[in-house]
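*Asks:*
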Amino acid sequence: MARVISTFRSSPSRKGCWLRVINKTSRTVNIIWIDYHGREINYALLKPKDTQTIHTYEGHPWLCRDSVSNRRLLLNKNEIFVHQSAPLAGGVNVLVPVVEVVISIPMLSMLDISADLVTRCISFKKDIQSLELPTALKDHVTDCFNAANTLLHSSFEK
């Protein structure tokens, strides 16, 4: 089932554009379109240092998630990217623009980094409680584990 983002959704538009999405990270990334109902729809999987060209429309929000940790990554330094072009003075845009969108990694806290590393080392949620870790880190590891497993169980739609 697709995850719902309540505040963002695609708006109707006839203004097409192309996104040239560049993965400048060392991670495999899920490119996600937010549909008209606010649901996250997996659009493509992008390997590290790879590029994907996507046809979309103005007013359609996009985001990216790390395919392993399910953490949000940045698109042009923002968690959500929505292209809006300024109209040309005195006329209508006739060219379909190509917009370069760069994927990068946000600044993570030591708690986030630690939880991600521990999450990669465990196979079952029940194993988290047996770890000799502070309670706050165990709780954060549980959240990361749940988020990563949510990604594994979601379908890859286009």
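Just so you know, the UniProt record's numbering puts the end of the sequence shown at 158, numbered straight through with nothing missing. In this text, a Cβ means the ideal position worked out from N, Cα and C, and glycines have one as well. For clarity, every value in this text was computed on a predicted model and none was experimentally measured.
Could you tell me the distance, in whole angstroms, from the CA atom of Thr53 to the CA atom of Ile105?
*Replies:* 20 Å
*Asks:* What would DSSP say about His60, mapped onto helix, strand or coil?
*Replies:* coil
*Asks:* Assess contact between the stretch 139-147 and the stretch 109-118, defined as three or more Cβ pairs (one per stretch) separated by less than 8 Å. Is contact present?
*Replies:* yes
*Asks:* Please report the distance separating the alpha-carbon of Pro78 from that of Leu46.
*Replies:* Sequence inspection shows Asn at residue 78; the Pro mentioned does not correspond to that position. Going from the Cα of Asn78 to the Cα of Leu46 covers about 18 Å.
*Asks:* For the candidate residues Cys17, Arg9, Leu74 and Asp35, whose alpha-carbon lies nearest to that of Val96?
*Replies:* Cys17
*Asks:* For Tyr36, I'd like the list of residues in its chain whose CB is within less than 7 Å of its CB, leaving aside the five on either flank, ordered along the chain.
*Replies:* For Tyr36, where only same-chain residues beyond five positions count, the Cβ hits under 7 Å are Arg9 and Ser10.
*Asks:* Could you spell out where the beta strand (DSSP E) holding Val102 opens and where it closes?
*Replies:* Val98 to Ser104
*Asks:* Thinking Ala148 and Asn70 are a contact (beta carbons under 8 Å), I'd like their distance in whole angstroms, please.
*Replies:* For Ala148 against Asn70, the beta-carbon gap comes to about 5 Å, under 8 Å, which counts as contact.
*Asks:* Are Tyr57 and Ser13 close, meaning C-beta to C-beta below 8 Å?
*Replies:* yes
*Asks:* Going by beta-carbon coordinates alone, are Ser26 and Pro48 separated by less than 8 Å?
*Replies:* yes
*Asks:* Could you compute how far the alpha carbon of Thr7 sits from the alpha carbon of Ile41?
*Replies:* 15 Å
*Asks:* Are the beta-carbon atoms of Leu75 and Ile103 separated by less than 8 Å?
*Replies:* Yes, these two residues count as a Cβ contact at 8 Å.
*Asks:* Determine the closest residue to Ile31 out of Ile80, Gly38 and Leu108, with distance taken between C-alpha atoms.
*Replies:* Measuring from the Cα of Ile31, the nearest candidate turns out to be Ile80.
*Asks:* Near Cys144, which residues of its chain fall below 7 Å by C-beta distance, leaving aside the five closest residues on each side in sequence?
*Replies:* Ser69, Ala115, Asp116 and Thr119
*Asks:* Along the chain, where does the beta strand (DSSP E) that runs through Arg72 open and close?
*Replies:* Arg72 to Leu75
*Asks:* Is Phe81 helix, strand or coil when you go by DSSP?
*Replies:* Residue state, collapsed to three classes: strand.
*Asks:* Check Val68 in the structure and name its three-state DSSP category.
*Replies:* coil
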